[in-house]
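Residue numbers (full-length UniProt numbering): 1 to 878.
Virtual Cβ for every residue (Gly too), placed ideally from N, Cα, C.
Note sheet for the following structure.
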């Protein structure tokens with residue numbers, strides 16, 4: 001929004017170019033040390049980086065800072081609305097990030113110690129194997145390094161070989177060739193040290209500063225000198241939480257004095273999303289008439305990472321506040337709130353230091369809220385995510401790395417002296433399956449180990465450091481809530497698949513040809529002799545594209561959907577000779593292909609050895625083929641180019657900024673390059689291609705205005721984008737080896753062997769994870785379709801209409817080793833929810849929680865964990 005000029009000081013937002021004409025500040029490397037993507041949609045969602053300048057009345061620059069402003073100053077208030085995703089969700093939620101607390105502590109597990117072969121720094125490895133019903137097992141591992149814990153989830157099929165420590169540690173990035181010695185640590189006290197290490201990633205509870213500011217106040221001293229707030233401020237505090245008496249307060253106190261009232265008599269407190277929150281309200285902290293700087297107030301709000309500024313103003317559309325007015329170097333995020341009494345509208349702006357990674361939820365445009373409950377939920381989520389993001393700012397990261405390094409070295413010295421002298425080779429150590437400590441045949445050492453972990457857990461809960469799941473009683477419908485489309489379907493060994501409408505799945509297999517799978521039909525439509533490798537259904541054009549055969553005999557064929565309907569009606573599959581007659585001229589030898597289609601236009605890129613061809617469908621989407629038409633003739637060859645290396649993976653996208661430009665991202669055996677299929681220019685990216693490049697999957701992420709694509713390799717994704725003439729990439733690590741992924745800005749969804757994870761594109765933060773046995777991505781169109789293996793037995797067939805929740809570890813499903821007995825459920829993520837506003841409220845609370853805690857049984861971590869899972873199942877739609 002345009003800045004408003006105040007009488008005491010001019011505060012404004014000045015672009016980089018304009019400012020550099022006046023003054024010289026810092027070096028270019030400092031200004032670009034933390035780069036935020038400059039594409040339009042990034043700024044619409046997560047703000048733009050601005051230079052924020054404070055100038056005194058004489059025009060002299062008083063202070064300058066580099067902050068990201070949300071909403072972006074490019075999104076003017078009187079402009080057209082910007083489509084944003086307002087899914088209000090906590091990033092890196094505690095139940096997903098505190099693995100040691102949730103899965104290890106209080107359960108039998110194994111810990112190992114060793115050294116990183118590259119840095120020679122100590123590392124620790126914690127492994128637990130969870131044994132569920134019907135012999136399903138799930139291995140979870142945490143690798144503790146000075147840069148923080150890395151998490152890995154490894155499914156273990158029934159009857160599979162026992163995992164070794166070497167198998168587990170080599171799953172982690174950078175440890176693929178690890179073959180050093182690892183020492184088992186059996187001392188139960190190490191659980192306390194590892195809990196402390198996990199706590200370094202960020203506190204479970206939060207404290208936020210809340211400052212009342214008037215529109216003519218231009219320094220932090222003036223703002224903190226307000227002895228009382230107005231009615232609007234009191235309404236704001238009441239919305240944030242409950243007013244509490246600090247004297248004798250027994251819950252989280254956020255550094256406030258609860259015995260002598262030295263930090264005031266009252267404060268504001270709330271619980272949200274499993275986090276206890278204490279607000280350091282400036283008008284409730286001790287006020288001093290003699291001290292103009294209000295040191296006692298500044299001591300608390302100035303040491304909070306996140307501050308909320310409530311600005312009392314007659315012009316709520318424009319801000320007087322600037323983060324450069326605050327002298328604190330510790331506060332990294334400022335959320336500015338205004339309220340209009342006349343209209344009842346709340347407005348929100350957020351200033352974040354440039355070193356703080358972007359975080360959600362994105363502020364809507366316009367940045368107005370009329371529902372106080374909705375605004376409270378949005379604001380608290382934004383504040384909690386802001387504090388988590390700020391912990392990844394360089395100032396905090398360096399300090400945390402030093403702390404972790406010191407803790408790990410102390411642990412290494414402390415626990416290695418109690419170990420036997422003979423080191424075990426990493427290949428010799430076999431992971432044990434978890435045993436319940438209540439079993440009579442459990443070793444005494446295992447029982448003592450588990451009891452010590454339970455005591456640590458109980459102590460932290462009683463001290464108020466951790467909020468249990470009892471207070472989490474409201475759920476929201478999230479954009480990634482799945483919908484079941486087809487139940488109890490026969491499963492196949494899929495080599496290619498696509499959805500035909502919402503009711504039918506087209507599956508390409510080696511053994512059975514191409515199958516049409518629906519509720520009432522299971523029909524072969526292409527004979528196995530056709531050797532179809534992949535299939536694409538283009539309903540907007542009434543077409544079906546297939547990539548058939550291999551090697552020099554490979555080709556791309558095009559069929560009318562009417563021909564497929566005829567094969568369904570007659571139950572006579574299309575034979576090889578007929579399929580070859582539908583071959584598109586110039587595609588012989590095809591081993592890779594990709595299409596670009598927006599509903600109106602269709603283009604096809606085909607790779608044959610080192611030759612890459614661009615085709616265009618000459619008919620519009622509104623025109624249908626006539627009986628007897630040769631559809632292959634309607635594909636026009638536009639360009640043909642020879643690339644440097646034969647592609648092993650390829651994706652394509654089209655930029656339509658000034659004119660249409662089709663680009664192909666090609667991965668060869670040695671290089672990764674981007675090829676302009678219009679003019680034939682080639683751009684090599686400085687990225688080292690791994691040896692097994694054939695396992696890499698690439699998909700376009702461009703919105704038509706930017707150069708972006710995503711690459712998947714093992715358990716990490718890399719988001720490549722081109723800015724200022726240079727390609728850059730950001731890497732995101734996943735907690736399982738991914739088999740496939742789907743990109744839907746602002747989300748990226750990873751499909752592992754038995755796990756789905758949803759993360760934010762902009763920062764890689766985890767939003768949710770779901771256990772899905774043998775999950776497989778089937779179709780990626782507007783909606784995202786995937787299959788999940790379900791139990792199949794004599795009893796399950798009769799109850800196939802009942803839906804079994806699959807969202808938590810307690811829902812592990814028995815797997816039959818015989819392929820004929822496997823069955824699928826087909827689900828989808830709705831694209832409209834992922835790309836637009838999500839998050840519908842749903843009624844309901846976690847029933848029976850209080851009864852579980854007061855049922856006379858032991859108040860153990862196992863009970864609390866089951867309650868966590870009950871909450872997870874409650875949040876899963878049926």
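By the Cβ test, the stretch 249-267 is not in contact with the stretch 339-349, since fewer than three Cβ pairs between them sit closer than 8 Å. Nearest Cα to residue 227 within the set 602, 403, 293, 535: 293.
Residue 362 is positioned such that its CB atom lies no closer than 8 Å to that of residue 68. Assignment of residue 698 by DSSP, reduced to helix, strand and coil, places it in the strand class. Taken in chain order, the stretch 695-776 contains no complete alpha helix (DSSP H) segment of 4 residues or longer. Spatial neighbours of residue 509 in its own chain (CB-CB distance under 7 Å, excluding positions within 5 residues in sequence) are listed in chain order as 492, 493, 494, 495, 515. In the structure shown, residue 640 falls within a strand segment according to DSSP collapsed to helix, strand and coil. Collapsing the DSSP output to three states places residue 648 in coil. Secondary structure note for residue 275: its beta strand (DSSP E) is the uninterrupted segment 275-281. Secondary structure at residue 173: coil, using DSSP grouped into helix, strand and coil. Contact check for residue 236 against residue 310 passes: the beta carbons are separated by less than 8 Å. Per DSSP, the unbroken beta strand (DSSP E) holding residue 534 starts and ends at 532-538.
Pairing residue 102 with residue 95 gives a Cβ-Cβ distance under 8 Å. In its chain, beyond the 5 residues on either side, 285, 286, 288 have a beta carbon closer than 7 Å to the beta carbon of residue 296.
The bridge partners DSSP lists for residue 357 come to none. Taking a contact as a CB-CB distance under 8 Å, the pair residue 308 and residue 208 counts as one, their CB atoms being some 6 Å apart. Here residue 658 carries a coil assignment [DSSP, helix/strand/coil]. Assignment of residue 381 by DSSP, reduced to helix, strand and coil, places it in the helix class. Restricting attention to beta strand (DSSP E) runs no shorter than 3 residues, the stretch 280-354 encloses them at 306-312, 333-340, 345-353, ordered along the chain.
By a beta-carbon distance limit of 8 Å, residue 719 contacts residue 729. Their separation comes to about 6 Å. About 6 Å separates the beta carbons of residue 740 and residue 697, which is inside the 8 Å limit, making them a contact pair. With fewer than three CB-CB distances shorter than 8 Å, the stretch 266-285 does not count as touching the stretch 189-196. For residue 513, the enclosing beta strand (DSSP E) stretches over residues 513-518. One alpha carbon belongs to residue 114, the other to residue 723, and they sit about 41 Å apart. Residue 385 and residue 265 have their C-alpha atoms some 29 Å from each other. In summary, residue 669 is exposed, with fewer than 16 beta-carbon neighbours lying within 10 Å of its beta-carbon over all protein chains present. Linking residue 658 to residue 617 through their CA atoms gives a straight-line distance of about 22 Å.
Assignment of residue 562 by DSSP, reduced to helix, strand and coil, places it in the helix class. Using a Cβ distance threshold of 8 Å, residue 575 and residue 529 count as a contacting pair. Within the model, the alpha-carbon separation for residue 788 versus residue 332 is close to 43 Å. By DSSP's assignment, residue 244 forms a beta bridge with 267. In this structure, the CA atom of residue 505 is about 13 Å from the CA atom of residue 781. Spanning the alpha carbons of residue 410 and residue 279 requires a straight line of approximately 35 Å. Counting every other CB atom within 10 Å of its CB across the protein chains shown gives residue 242 a total below 16, marking it as exposed. The straight-line gap separating the alpha-carbon atoms of residue 198 and residue 786 is approximately 34 Å.
Within the same chain, 604 come within 6 Å of residue 595 by CB-CB distance, once the 5 residues on both sides are set aside.
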